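In my numbering, the protein residues as written are 356 to 630. Have a look at the structure below, then the notes.
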Amino acid sequence: MRVAIVGTRGVPARYGGFETFAEELSARLASRGHDTFVYCRRRHAESRYRGVRLVYLPTIRHKYFDTVVHTFLSTLDLLVRRADVALYCNAANAIFTFLPRLTGIPVALNVDGLERKRRKWNRAGRAWYRLSERLSTLLPTEVVSDAEQIQRYYRRRYGKETTFIPYGAETGKVGTTETLRRLGLEPGRYFLYVSRMEPENNALLVRQAFEEVETEMKLVLVGDAPYAQAYIREVRRTRDPRILFPGAIYGTGYHELLSHCFAYIHATEVGGTHP
Numbered sequence: 356m357r358v359a360i361v362g363t364r365g366v367p368a369r370y371g372g373f374e375t376f377a378e379e380l381s382a383r384l385a386s387r388g389h390d391t392f393v394y395c396r397r398r399h400a401e402s403r404y405r406g407v408r409l410v411y412l413p414t415i416r417h418k419y420f421d422t423v424v425h426t427f428l429s430t431l432d433l434l435v436r437r438a439d440v441a442l443y444c445n446a447a448n449a450i451f452t453f454l455p456r457l458t459g460i461p462v463a464l465n466v467d468g469l470e471r472k473r474r475k476w477n478r479a480g481r482a483w484y485r486l487s488e489r490l491s492t493l494l495p496t497e498v499v500s501d502a503e504q505i506q507r508y509y510r511r512r513y514g515k516e517t518t519f520i521p522y523g524a525e526t527g528k529v530g531t532t533e534t535l536r537r538l539g540l541e542p543g544r545y546f547l548y549v550s551r552m553e554p555e556n557n558a559l560l561v562r563q564a565f566e567e568v569e570t571e572m573k574l575v576l577v578g579d580a581p582y583a584q585a586y587i588r589e590v591r592r593t594r595d596p597r598i599l600f601p602g603a604i605y606g607t608g609y610h611e612l613l614s615h616c617f618a619y620i621h622a623t624e625v626g627g628t629h630p
């Protein structure tokens with residue numbers, strides 16, 4: 356089966372939860388013999404990754420056009436490639452899902468969280484997401500929710516039954532500590548926060564709360580965001596030597612930090628499951 360995954364920044368995962376989802380799902384589909392291709396925005400050195408074909412297409416590098424322009428071009432491309440099924444990520448892309456359906460390609464749409472509530476969007480951006488939520492209930496073949504709260508939201512607001520598919524997780528721990536040594540951390544002596552650095556993920560609130568705690572442990576705030584530099588500067592505005600800002604960390608480094616932290620802090624407001 357030819358499976359297209361559309362609407363993320365692509366793989367390898369170097370951004371957020373949807374990219375992790377796209378990488379893990381596509382790699383597992385490829386390992387089962389499916390011809391899987393993921394549409395990407397930033398070029399990787401290889402045309403394949405973990406058995407998955409990577410399709411690179413341009414976009415407009417702007418907060419309000421980045422996703423929709425890339426998804427529109429990806430949609431045109433998958434029509435040419437004649438995918439057997441398409442998986443779209445992000446409710447903002449709902450408007451494009453009818454095009455594959457017109458040619459007989461079934462489409463699933465993972466709507467993610469309540470993006471219209473993010474403060475980074477102006478009125479036009481929030482209006483687009485509000486419209487996209489409605490289109491999500493009408494245009495794709497199947498709507499997927501990754502959190503029970505999101506499933507309840509679509510049922511209550513739109514009368515739409517979505518298919519709840521929770522994410523899997525890497526449950527094992529790694530014994531290596533190279534990343535800890537690089538950051539000056541000791542196993543079991545730090546709190547870990549990992550998220551895209553946007554206001555609704557509350558990195559600033561976590562930092563401010565930790566500053567009020569009397570402890571010798573450290574706080575590691577891991578993450579980045581391409582269109583939130585002012586907020587990131589505000590998060591990093593502290594003189595507390597216990598608080599570290601290593602930026603975005605992926606792969607083995609992330610698993611090392613997760614395996615050896617004292618506790619993990621989850622502080623998001625409007626997203627889905629955040630895989």
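By construction, the Cβ of each residue, glycine as well, lies at the ideal position given by its N, Cα and C atoms. The model shown is predicted, which means the values in this text are computed figures rather than measured ones.
*Could you work out which residue in T422, R416, R397 is closest to V410 when comparing CA atoms only?*
The sequence position of residue 410 within the sequence shown is 55, counting from 1. Cα-wise, what sits closest to V410 is R397.
*asked:* Using only the alpha-carbon positions, how far apart do D467 and R403 sit?
replied: Sequence index remark: in the sequence shown, residue 467 carries index 112 (1-based). Sequence index remark: in the sequence shown, residue 403 carries index 48 (1-based). In a straight line, the C-alpha of D467 is about 26 Å away from that of R403.
_Distance CB(Y419)-CB(V361) smaller than 7 Å_ = By one-based count along the sequence shown, residue 419 stands at place 64. By one-based count along the sequence shown, residue 361 stands at place 6. No.
*Distance CB(M552)-CB(A585) smaller than 7 Å*: In the sequence shown, counting from the first residue as 1, residue 552 sits at position 197. In the sequence shown, counting from the first residue as 1, residue 585 sits at position 230. Note that the C-beta distance between M552 and A585 is not below 7 Å.
*Status (buried if at least 16 other CB within 10 Å, exposed otherwise) for E571*: The count along the sequence shown starts at 1 and reaches residue 571 at position 216. Exposed, because fewer than 16 other Cβ atoms sit within 10 Å of the Cβ of E571.
*asked:* Buried or exposed for I415, going by 16 or more other Cβ atoms inside 10 Å?
replied: Numbered from its first residue, the sequence shown carries residue 415 at position 60. Exposed is the call here.
_Whole angstroms are fine: how far does the CA of L469 sit from the CA of W483?_
Taking the sequence shown and counting its residues from 1, the one referred to as residue 483 is at position 128. Taking the sequence shown and counting its residues from 1, the one referred to as residue 469 is at position 114. So the two alpha carbons sit approximately 12 Å from each other.
*Determine the burial state of H621: buried for a count of at least 16 other Cβ atoms within 10 Å of its Cβ, exposed for fewer.*
Taking the first residue of the sequence shown as 1, we reach residue 621 at position 266. So H621 ends up on the exposed side.
*Measure the C-alpha to C-alpha separation of D501 and R537 and round it to an integer number of angstroms.*
In the sequence shown, counting from the first residue as 1, residue 501 sits at position 146. In the sequence shown, counting from the first residue as 1, residue 537 sits at position 182. Each residue's alpha carbon lies about 35 Å from the other.
_Environment of L535 [buried if 16+ CB atoms lie within 10 Å]_ = Position 180 of the sequence shown, counted from the first residue, corresponds to residue 535. Counting C-beta atoms within 10 angstroms of its own C-beta, L535 has 16 or more neighbours from the protein chains shown and is therefore classed as buried.
*Using 10 angstroms around the beta-carbon of F451, count the other beta-carbons present and answer buried if the total reaches 16, otherwise exposed.*
On the sequence shown, position 96 is the one that residue 451 refers to. By the 16-neighbour rule on beta-carbons within 10 angstroms, F451 is buried.
*Proximity below 7 Å, CB of L464 to CB of V498*: Here residue 464 refers to the residue found at position 109 when the sequence shown is read from its first residue. Here residue 498 refers to the residue found at position 143 when the sequence shown is read from its first residue. Yes, these two residues count as a Cβ contact at 7 Å.
_Quick check: the Cα distance between Y394 and A438, rounded to an integer number of angstroms?_
Walking along the sequence shown from the start, residue 394 turns up at place 39. Walking along the sequence shown from the start, residue 438 turns up at place 83. Roughly 12 Å between the two C-alpha positions.
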